[in-house]
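*Asks:* Chains as they are written, first to last, in our numbering: chain A, 1 to 115; chain B, 116 to 477.
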Amino acid sequence: MHIAGSNDSVQGQGMGVAIKYLANITTLRYAADKCIGCGRCVEVCPRGVFVMQDKRAAITDKDQCMECGACARNCDFSALSVNAGVGCAAAIITGLLTGREPTCGCGDTGSGSCC
Amino acid sequence: MQPLQTLKFIKKEPPKWSAGTVSTPVGPIFRASSNWSDADRWGMIKSRTGAFRMNYFVAPGLYAIGDPTADSHILVTANYKLTFDLLRRELKGMNAWILVLDTKSINVWCAAGKGTFGTEELIRRIADTKLDVVVNHRKLILPQLGAVGVAASEVQKKTGFRVVFGPVQARDIPAYIKAGYKKTKEMSTIQFPMLDRLVLTPMEINPAMQKFPWIAAGILLIFGFQPSGILFRQAWSNSLPFLLLALLSVMSGALITPLLLPFVPFRSFAIKGLIVGILSMSAVMPLLDQKILHNVPLRIAAWLFFPIMSSYIALQFTGSTTFTGMTGVKKELKVGIPIYIGTVCISLVLMILFKVREWGLL
Numbered sequence: 001m002h003i004a005g006s007n008d009s010v011q012g013q014g015m016g017v018a019i020k021y022l023a024n025i026t027t028l029r030y031a032a033d034k035c036i037g038c039g040r041c042v043e044v045c046p047r048g049v050f051v052m053q054d055k056r057a058a059i060t061d062k063d064q065c066m067e068c069g070a071c072a073r074n075c076d077f078s079a080l081s082v083n084a085g086v087g088c089a090a091a092i093i094t095g096l097l098t099g100r101e102p103t104c105g106c107g108d109t110g111s112g113s114c115c
Numbered sequence: 116m117q118p119l120q121t122l123k124f125i126k127k128e129p130p131k132w133s134a135g136t137v138s139t140p141v142g143p144i145f146r147a148s149s150n151w152s153d154a155d156r157w158g159m160i161k162s163r164t165g166a167f168r169m170n171y172f173v174a175p176g177l178y179a180i181g182d183p184t185a186d187s188h189i190l191v192t193a194n195y196k197l198t199f200d201l202l203r204r205e206l207k208g209m210n211a212w213i214l215v216l217d218t219k220s221i222n223v224w225c226a227a228g229k230g231t232f233g234t235e236e237l238i239r240r241i242a243d244t245k246l247d248v249v250v251n252h253r254k255l256i257l258p259q260l261g262a263v264g265v266a267a268s269e270v271q272k273k274t275g276f277r278v279v280f281g282p283v284q285a286r287d288i289p290a291y292i293k294a295g296y297k298k299t300k301e302m303s304t305i306q307f308p309m310l311d312r313l314v315l316t317p318m319e320i321n322p323a324m325q326k327f328p329w330i331a332a333g334i335l336l337i338f339g340f341q342p343s344g345i346l347f348r349q350a351w352s353n354s355l356p357f358l359l360l361a362l363l364s365v366m367s368g369a370l371i372t373p374l375l376l377p378f379v380p381f382r383s384f385a386i387k388g389l390i391v392g393i394l395s396m397s398a399v400m401p402l403l404d405q406k407i408l409h410n411v412p413l414r415i416a417a418w419l420f421f422p423i424m425s426s427y428i429a430l431q432f433t434g435s436t437t438f439t440g441m442t443g444v445k446k447e448l449k450v451g452i453p454i455y456i457g458t459v460c461i462s463l464v465l466m467i468l469f470k471v472r473e474w475g476l477l
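Structure, rendered in structure tokens:
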């Protein structure tokens, strides 16, 4: 029986979410040896990246990951890491111009019209 | 007795969406109606189209739906009023508590990303509302998208309340609870259907159109600027097709590309915007018969600049989707920004060439 390792995908159990972004780009890293099978990542991932297999988490399709960070934030066993941040082109451009990575600015006083 | 509210939000009258109060060991709590008034519907429309949404909020704190008791469920949400309205509507017929966090008038997803729908705020709000006195149990149901900002185990350690992440959509909450806090795959997944994409387009079109007068002024100036001064009539008649093409490229990037997103080839948003820009221009150009379009440098500049403008505008839509991530957008920008700058420069050179020939200098 094949036990999915850190970088395998569980074929045939993909969510089949219709639209995908760029392939092989996600910074999601999963260390299966640290996983104790609590199931939080399956509970929180809004893109169906994780599924329980043989009492541990397994990755269905890494390309579905949108780097929101919910899984890494709720994994208490350091099995998951991802480079989460604002995925808004305008925010990233502003960050490049000002030399840092700001947020979109929504919610701050006098700010723009996003969100 | 004044219902429990954070000091800065105390108002003299009950909120318009409230329907009486429920008495609790900590005092009366406003009951939220599950029905929407015309004002609520109008508020939703205004929220989707402009800056109105920046101040559209409810006071954070505890609210009731129906007649909850000390054993009733607690649903946690953001204080953006549209979010709150959607939740209270979907809980119709239930008896439950709603804990509203101070997310500064931002919805759950964006607030979670910024940290305001977060661990600290949830802990603070639980303490503020004396939630442990109001209910006997220690369970909180959070929207799934709040997980981006809330570390469940830390909330449990600091407050004793156990966090479960419910469905993505509020409408699935009744079924989720009925199934014993079990979610189906569909309930756990965020999709991006056409209707959801469509309601986001006003907030793509508006910012783009706010910059439009600058583009229009630039185009008018190019054609009007003559050795004898600025000639308005000539400027207008020559500018018109280019103004139309500029408007078309805004719509290509801000409306058509988002609407047809999964049907446009390639995964890159910049390329999608470029394709839609080229196709829409191909459809419209044969309909424009102005002589100025036959000018070769201008024609080349138009075919370069307008599809690229559509591409840039379409790339902005990545900030509004449910499936694009920062790393991918950074990669798109790394490739795209030099191309955008290069195209603008080439277009400028071509326009200067046009001007120089027009004035007979070459």
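Ideal Cβ placement from N, Cα and C applies to all residues, glycine included.
Under 9 Å Cβ-Cβ, which residues of chain B neighbour Cys-35(A)?
*Replies:* Going along chain B, no residue has its Cβ under 9 Å from Cys-35(A), so there is no contact; the nearest lies around 15 Å.
*Asks:* When DSSP labels each residue in this structure, what does Tyr-291(B) get in the three-state scheme?
*Replies:* helix
*Asks:* List, in chain order, every chain C residue whose beta-carbon is nearer than 7 Å to that of Gln-259(B).
*Replies:* Going by chain labels, chain C is absent from the structure shown, which instead holds the protein chains A and B.
*Asks:* How would you label Asp-153(B), buried or exposed, when you count the other beta carbons within 10 angstroms and need 16 or more for buried?
*Replies:* exposed
*Asks:* Express the C-alpha separation of Val-270(B) and Met-1(A) in angstroms, rounding to a whole number.
*Replies:* Residue confidence is low: Met-1(A) scores 39 on pLDDT, short of 50, so the model does not pin down where it sits. Its coordinate-derived value is still stated next. Near 38 Å, if we compare the C-alpha coordinates of Val-270(B) and Met-1(A).
*Asks:* Below 8 Å, how does it come out for the stretch 359-371 of chain B and the stretch 342-351 of chain B: are there three or more Cβ pairs, yes or no?
*Replies:* no
*Asks:* Can you find a C-beta in chain A that's less than 9 Å from the C-beta of Phe-307(B)?
*Replies:* yes
*Asks:* Using the C-alpha atoms, what's the distance from Thr-164(B) back to Lys-297(B)?
*Replies:* In a straight line, the C-alpha of Lys-297(B) is about 36 Å away from that of Thr-164(B).
*Asks:* For Ser-113(A), name the three-state secondary structure that DSSP assigns.
*Replies:* Summary for Ser-113(A): the model assigns pLDDT 44, below 50, so the residue's position carries little reliability, and this model does not support an answer.
*Asks:* At a CB distance below 7 Å, what residues from the stretch 272-284 of chain B approach chain A? Give them in sequence order.
*Replies:* Phe-280, Val-283
*Asks:* Find the nearest neighbour of Leu-493(B) within the set Val-263(B), Thr-274(B), Asp-243(B), judged by alpha-carbon distance.
*Replies:* A query on residue 493(B) cannot be resolved here, the shown segment of chain B reaching from 116 to 477 and no further.
*Asks:* How far does the beta strand (DSSP E) with Ala-179(B) in it extend, from its first residue to its last?
*Replies:* 176-180
*Asks:* For Arg-431(B), which beta-bridge partners are listed by DSSP?
*Replies:* It is Gln, not Arg, that sits at residue 431(B) in the sequence shown. DSSP, once it has assigned bridges, lists no residue as partnering Gln-431(B).
*Asks:* Note down, in chain order, every chain A residue with its Cβ under 8 Å from the Cβ of Met-441(B).
*Replies:* Neighbours of Met-441(B) on chain A, chain order: Glu-67, Asn-83, Ala-84, Gly-85, Val-86, Gly-87, Ile-92.
*Asks:* Could you tell me which whole beta strand (DSSP E) segments of length 3 or greater appear in the stretch 224-276 of chain B?
*Replies:* 254-257
*Asks:* On the three-state DSSP scale, how would you describe Arg-47(A)?
*Replies:* coil
*Asks:* What does Lys-161(B) reach in chain A if we use C-beta pairs closer than 7 Å?
*Replies:* Here the premise fails: no neighbours, minimum Cβ distance about 12 Å.
*Asks:* Give me, in chain order, the residues of the same chain whose beta-carbon lies closer than 7 Å to that of Leu-202(B); leave out the 5 immediate sequence neighbours on both sides.
*Replies:* Leu-190, Thr-192, Ile-213, Ala-285
*Asks:* Residues of the stretch 444-473 of chain B with a CB closer than 7 Å to any CB of chain A: list them in chain order, please.
*Replies:* Val-444, Lys-445, Lys-446, Leu-448
*Asks:* Indicate whether at least one CB of chain B lies closer than 9 Å to the CB of Asp-54(A).
*Replies:* no
*Asks:* I'd like to confirm the pairing. Which residues does DSSP put opposite Val-279(B) in its beta bridges?
*Replies:* Ile-256(B)
*Asks:* Under a CB-based cut-off of 9 Å, is Arg-253(B) close to chain A?
*Replies:* no
*Asks:* Going by the CB atoms, is the gap between Ile-93(A) and Leu-389(B) shorter than 9 Å?
*Replies:* no
*Asks:* Tell me the DSSP secondary structure of Arg-29(A) in three-state form.
*Replies:* strand
*Asks:* Determine, for Lys-406(B), whether the minimum Cβ-Cβ distance to residues of chain A falls below 9 Å.
*Replies:* no
*Asks:* Mind reading off the beta-carbon distance from Thr-27(A) to Asn-74(A)? Whole number of angstroms is fine, and I expect it under 8 Å.
*Replies:* Not quite, the Cβ-Cβ distance comes to about 17 Å (not below 8 Å), so this is no contact.
*Asks:* Quick check on DSSP: helix, strand or coil for Trp-212(B)?
*Replies:* strand
*Asks:* Cutting at 7 Å between CB atoms, please list the residues of its own chain near Arg-312(B), excluding the five before and the five after it.
*Replies:* Pro-373, Leu-374, Leu-376
*Asks:* Contact check, Val-265(B) vs Gly-233(B) under 8 Å by CB: the rounded distance?
*Replies:* 6 Å
*Asks:* How many Å lie between Cys-68(A) and Trp-418(B) at the Cα?
*Replies:* 37 Å
*Asks:* Count the other C-beta atoms from every protein chain shown that fall within 10 angstroms of the C-beta of Trp-329(B), then say buried if there are 16 or more, exposed otherwise.
*Replies:* exposed
*Asks:* Distance, Cα to Cα, Lys-229(B) vs Gly-85(A)?
*Replies:* Distance between the alpha carbons of Lys-229(B) and Gly-85(A) is about 9 Å.
*Asks:* Where Phe-77(A) and Arg-40(A) are concerned, what is the direct C-alpha to C-alpha distance, given to the nearest angstrom?
*Replies:* 11 Å
*Asks:* Are three or more beta carbon pairs between the stretch 379-399 of chain B and the stretch 331-347 of chain B nearer than 8 Å?
*Replies:* no
*Asks:* Report the rounded CA-to-CA distance for Ile-36(A) versus Cys-45(A), giving the unit in angstroms.
*Replies:* In this structure, the straight-line span from the alpha carbon of Ile-36(A) to that of Cys-45(A) is close to 17 Å.
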